[in-house]
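A.B. asks: Numbering (the working numbering), first residue to last: 193 to 398. Beta carbons are placed, not taken as given, at the ideal position from N, Cα and C, and that holds for glycine.
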Ligand code: ADP
Ligand code: MG
């Protein structure tokens, strides 16, 4: 059941993943950015995890909008508005849906990823979080007939492969793009945090 409680569990699990891997995310960002991705994300997801204790939400849609706004206002950097937009847009297809089925969840994920693209204008192989998001949502959609758990597992595995694929790429968006050729040989930090988000979803959302 991907109901409100499951989404709250997802955000708690994401906060756990980020806190476990914060130093790693920061190391990745130190190599090709400014070394703040772990702390940026930890600050935001801790606030988001605390929302679960923050009283009742009238709907899943209201909760996701609150998550999005919280990420926009607390994460900062390039990644805060991108993750924030993901959740704000994900809320759209879930208006009036309290326990989305696999197909509805796929639509919501797709809408969220379209938000990331409209905000950041990244294309595939620009070496950004989109290189993890794009294969994840595609894998989810290809596995819709297998049910939510299987689709989330497929999405998490695809996001991890997408994360790994960024290592060989030259960054064309964000701070890492200033390094040009020297950005090659490092995993993109945002792709790594997106893989954690999908991994957390596979643990909790179904
Ligand atoms: P900043 O780069 O401002 O310090 P963070 O370190 O928190 O912000 O986040 C960096 C991550 O943001 C990158 O690793 C990349 O995945 C992502 N990113 C940056 N610009 C874009 C963009 N235009 N589209 C998608 N993702 C982006
Ligand atoms: Mg940074």
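The ligand MG and residue 381: does any heavy atom of the ligand fall closer than 8 Å to the residue's C-beta?
C.D. replies: Flag set: Cβ of residue 381 near the ligand MG.
A.B. asks: When you compare the CB positions of residue 241 and residue 207, do they come within less than 9 Å of one another, or not?
C.D. replies: In contact: residue 241 and residue 207 (Cβ atoms closer than 9 Å).
A.B. asks: Return yes when the C-beta of residue 232 is under 8 Å from any heavy atom of the ligand MG, and no when it is not.
C.D. replies: True, at least one ligand heavy atom lies under 8 Å from that Cβ.
A.B. asks: Residue 274: beta carbon under 8 Å from a heavy atom of the ligand ADP?
C.D. replies: The answer is yes for residue 274.
A.B. asks: With 16 as the cutoff for other CB atoms within 10 Å, does residue 313 come out buried or exposed?
C.D. replies: Counting Cβ neighbours within 10 Å, residue 313 comes out exposed, since fewer than 16 surround it.
A.B. asks: My guess is that residue 329 and residue 302 are in contact by the Cβ rule of under 8 Å, so how many angstroms apart are they, rounded?
C.D. replies: The Cβ separation is near 5 Å, so the contact holds.
A.B. asks: Verify the contact flag: residue 370, CB atom, against every heavy atom of the ligand COA, threshold strictly below 8 Å.
C.D. replies: In the structure on display, the ligand COA does not appear, and the ligands it does have are the ligand ADP and the ligand MG.
A.B. asks: Below 8 Å on the Cβ atoms is my contact criterion, and I expect residue 323 with residue 357 to pass it. Report the Cβ-Cβ distance as a whole number of Å.
C.D. replies: Rounded, the Cβ-Cβ distance is 6 Å, consistent with contact.
A.B. asks: Taking the C-alpha atoms as reference points, what is the distance between residue 257 and residue 292?
C.D. replies: Cα to Cα, the separation comes out at about 16 Å.
A.B. asks: Is any heavy atom in the ligand MG found nearer than 8 Å to the beta carbon of residue 225?
C.D. replies: Yes - the ligand MG has a heavy atom lying nearer than 8 Å to the Cβ of residue 225.
A.B. asks: Would you say the region 368-388 touches the region 305-321, given that touching needs at least three Cβ pairs under 8 Å?
C.D. replies: Judged by Cβ distances under 8 Å, the region 368-388 makes contact with the region 305-321, as three or more pairs qualify.
A.B. asks: With a CB to CB cut of under 6 Å and the five nearest residues on each side skipped, what residues in its chain are close to residue 259?
C.D. replies: So the list reads 240 and 279, once near-sequence residues are dropped.
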